[in-house]
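Residues in the sequence shown are numbered consecutively from 9, following my numbering. Each residue gets a CB set at the ideal place from its N, CA and C atoms; glycine is no exception. Please read the structure below before turning to the comments.
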Amino acid sequence: MTDRTIAGLNVDMKISLGNIIVIGTLLVTIVGGWATLKSQTEQNTVDIAKNTTRIERLETGSGDMKDRLTRMEVTLQNLTVQVDRVVRAVERRPVDLPHQ
9 MTDRTIAGLN VDMKISLGNI IVIGTLLVTI VGGWATLKSQ TEQNTVDIAK
59 NTTRIERLET GSGDMKDRLT RMEVTLQNLT VQVDRVVRAV ERRPVDLPHQ
């Protein structure tokens with residue numbers, strides 16, 4: 009009388025070799041899955057750290073680039089002012105002056 013009725017189903021309460029093999033397979037699968045998940049999680053942590061470093065370098069480089077572009081813009085504005093002065097000075101001089 010190892011049969012029991014659970015929720016209307018007859019259940020054999022004996023443990024056979026097949027049951028032990030299934031339980032062992034499940035345990036190996038669970039442990040293997042956990043190890044794989046842990047390994048992938050650790051690799052993701054390393055990848056995130058690498059990407060964070062790269063992003064910080066890009067942001068620093070981008071900031072330097074912005075500073076250089078700002079300096080170039082100021083230089084170009086100064087050159088524009090100087091060219092405008094030269095043009096005004098040239099336009100004020102009479103072109104047809106007799107040489108003395």
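If you reduce the DSSP assignment to three classes, tell me which class residue i lands in.
i	result
R101	coil
I23	coil
Can you name, in chain order, every residue of its own chain whose Cβ lies under 7 Å from the Cβ of residue i, other than the five neighbours on each side?
i	result
I38	none
N18	D11
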